Each structure stands twice: as C-alpha cells, then as structure tokens.
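Chemist: For the record, the sequence lines run as chains P and R. Mapping to our numbering: the first sequence position 93 is 98, numbers consecutive. Mapping to our numbering: the second sequence position 3 is 10, numbers consecutive. Where is the CB? At the ideal position from N, CA and C, for every residue including glycine. Just so you know, these numbers come straight off a predicted model, no measurement behind them.
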Amino acid sequence: NAGVMQNPRHLVRRRGQEARLRCSPMKGHSHVYWYRQLPEEGLKFMVYLQKENIIDESGMPKERFSAEFPKEGPSILRIQQVVRGDSAAYFCASSPPMRNEQFFGPGTRLTVL
Amino acid sequence: ELKVEQNPLFLSMQEGKNYTIYCNYSTTSDRLYWYRQDPGKSLESLFVLLSNGAVKQEGRLMASLDTKARLSTLHITAAVHDLSATYFCAVDVTGAGSYQLTFGKGTKLSVIP
Chain P
6 NAGVMQNPRH LVRRRGQEAR LRCSPMKGHS HVYWYRQLPE EGLKFMVYLQ
56 KENIIDESGM PKERFSAEFP KEGPSILRIQ QVVRGDSAAY FCASSPPMRN
106 EQFFGPGTRL TVL
Chain R
8 ELKVEQNPLF LSMQEGKNYT IYCNYSTTSD RLYWYRQDPG KSLESLFVLL
58 SNGAVKQEGR LMASLDTKAR LSTLHITAAV HDLSATYFCA VDVTGAGSYQ
108 LTFGKGTKLS VIP
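Here is the structure:
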C-alpha cells in the first residue's frame, strides 16, 4: 500500500509565477490536509478537504492560495504570484474517514527566487 | 486559539542519558500525537495517545498523556545517536468538526557520543 505521494519534491519559482503542488492520498483515505512548515518551525495547518469539498480553510492566506480535491485525481494546492515569503516545505497528510491518525507525505520544498 | 508549547526547544544530551520532553496544550483535547522528523524529511508517526493516562512505549521512547493537566511527555531512555532528530507533538481539538492538527515548535534533539 503506497503511502501519501507528493510531487514535485522540489519546486523553484521566480517571484510572480504560479506554483502547483500535488498530493495523492493513501489508498482508502478520503481526507486530505495541507500544512506549511517554515524553516526551524513546526507545521501550520492550511486547509482540510474531502473529495470535492473544502471542509476547513481557516489556515489559508486570504489571497493567492487555493486548494482543491476533485472527484478524480490528486489534491492540488495552488499559489498564484508567489513571493519570497512563500518559500517553505508544504506537507500533505491523509486520513481515512472520521478522526484518525494523519499520515504525511514527503513534502514539496518550494523555493521562490 | 489552541496553543501547543514544547520544551525544551533544543536538547543536547550524551549517549546513555535519560531525558524528558514536555508538551503543554491550552484547550481540551483527548488526542495527542508525537512525530519525528529528520532533516529534510517528512514526519514519521511515533505515538498516538487517545485517552487520559495513556502510556505507550517503543524502544527507548515512552510517551504519556495527562488530559487533566493538558500535558504529554516523551521520555528518552539511554539515548543513542540514532535518536537525533526533531520531535513534534501535535493536538487536535475535540469536537471542532475539523481534524486539523496544531503542532508545537518542535524539540531538536542531538545525541552526542
């Protein structure tokens, strides 16, 4: 059973470009979470999605950031017009329905030049 | 707003010694997680503590939970170099309807030969 998959693992963008981060949950998991980790910091919650629904986006910045989890395909975290402050590691986690342990993917390390 | 505080944030210890990492949180929760993160890597789940008084042990690590005191501890026995990593505790808020995790800032452990 493959774990949570994220791609790309490393992403370099110039200021003003768009970044798209993808997350495929573990088989059988219908809940996806996105977290951001700044250097030397803990993870900060961004958004919680189920298939075709955003359940909690209380941690998402109000502008430039969006997330989706379509009926088919991976969950996508999209950052428009990236700025240097967006440089961070972005982790996706998945869990089965109900409150259960979250399993983390390997992360995407975004660098904005 | 839920706050999760870990201490110490940095810990340098000699091989063979014992030490405890503390995790305090500010609101009611009956579920606490401990994760390990190696540099540049994802989070590895160590323990899930589900109820007051829960104690779990794996190798040289033992975790406990006191929900009344809102405190969890991660005890390291006879440390070895392989335990060097950053350890995070994380809490989800009981009954909030969203299963987001709130993380502490992490304890960076260095075990010195």
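1) The beta strand (DSSP E) with residue 95 of chain R in it runs from where to where?
2) Measuring CA to CA, which of R:78, R:9 and R:17 is closest to residue 62 of chain R?
3) I need the DSSP call for residue 88 of chain R, collapsed to helix, strand or coil.
4) Would a check of beta-carbon distances place residue 107 of chain R closer than 7 angstroms to chain P?
5) Any beta carbon of chain R sitting closer than 7 angstroms to that of residue 106 of chain P?
6) Look at the alpha carbon of residue 110 of chain R and the alpha carbon of residue 117 of chain P, and state the distance between them as a whole number of angstroms.
7) When Cβ atoms are compared, which residues of the region 13–25 of chain R fall closer than 7 angstroms to chain P?
8) Three-state secondary structure (DSSP) at residue 14 of chain P?
9) Which of the three DSSP states is assigned to residue 77 of chain R in this structure?
10) With a 10 Å radius around its C-beta and 16 neighbouring C-beta atoms as the bar for buried, classify residue 19 of chain P as buried or exposed.
11) So residue 112 of chain R contacts chain P; which residues on that side make the cut at Cβ distance below 7 angstroms?
12) Rounding to the nearest angstrom, what Cα-Cα distance links residue 24 of chain P and residue 11 of chain P in this structure?
13) Once the 5 residues before and after residue 15 of chain P are set aside, which same chain residues still bring their CB inside 6 angstroms of it?
Modeler: Looking at the atomic coordinates:
1) Your numbering for residue 95 of chain R matches position 88 in the second sequence. Run containing residue 95 of chain R: 92–99, per the beta strand (DSSP E) assignment.
2) In the second sequence, residue 62 of chain R corresponds to position 55, counting from 1. Among R:78, R:9 and R:17, the Cα nearest to that of residue 62 of chain R is on R:78.
3) Along the second sequence, read from residue 1 onward, the residue named residue 88 of chain R stands at position 81. Of the three classes helix, strand and coil, the one that applies to residue 88 of chain R here is helix, per DSSP.
4) Numbered from 1 along the second sequence, position 100 holds the residue referred to as residue 107 of chain R. Answer yes: the Cβ-Cβ gap between residue 107 of chain R and chain P drops below 7 angstroms somewhere.
5) Taking the first sequence and counting its residues from 1, the one referred to as residue 106 of chain P is at position 101. With 7 angstroms as the cut-off, residue 106 of chain P counts as an interface residue toward chain R.
6) Within the second sequence, numbered from 1, the residue matching residue 110 of chain R stands at position 103. Within the first sequence, numbered from 1, the residue matching residue 117 of chain P stands at position 112. Going from the Cα of residue 110 of chain R to the Cα of residue 117 of chain P covers about 25 angstroms.
7) none
8) Taking the first residue of the first sequence as position 1, residue 14 of chain P is located at position 9. In the structure shown, residue 14 of chain P sits in coil (DSSP, three-state: anything other than H, G, I, E or B).
9) In the second sequence, residue 77 of chain R corresponds to position 70, counting from 1. In this structure, residue 77 of chain R counts as coil in the three-state DSSP scheme.
10) Translated into positions along the first sequence, residue 19 of chain P becomes position 14. Classification of residue 19 of chain P: exposed, given that the 10 Å Cβ count is below 16.
11) The count along the second sequence starts at 1 and reaches residue 112 of chain R at position 105. By Cβ distance, chain P contributes 46 and 47.
12) Numbered from 1 along the first sequence, position 19 holds the residue referred to as residue 24 of chain P. Numbered from 1 along the first sequence, position 6 holds the residue referred to as residue 11 of chain P. Roughly 14 angstroms between the two C-alpha positions.
13) The residue given as residue 15 of chain P occupies position 10 in the first sequence. Hits under 6 angstroms: 114.
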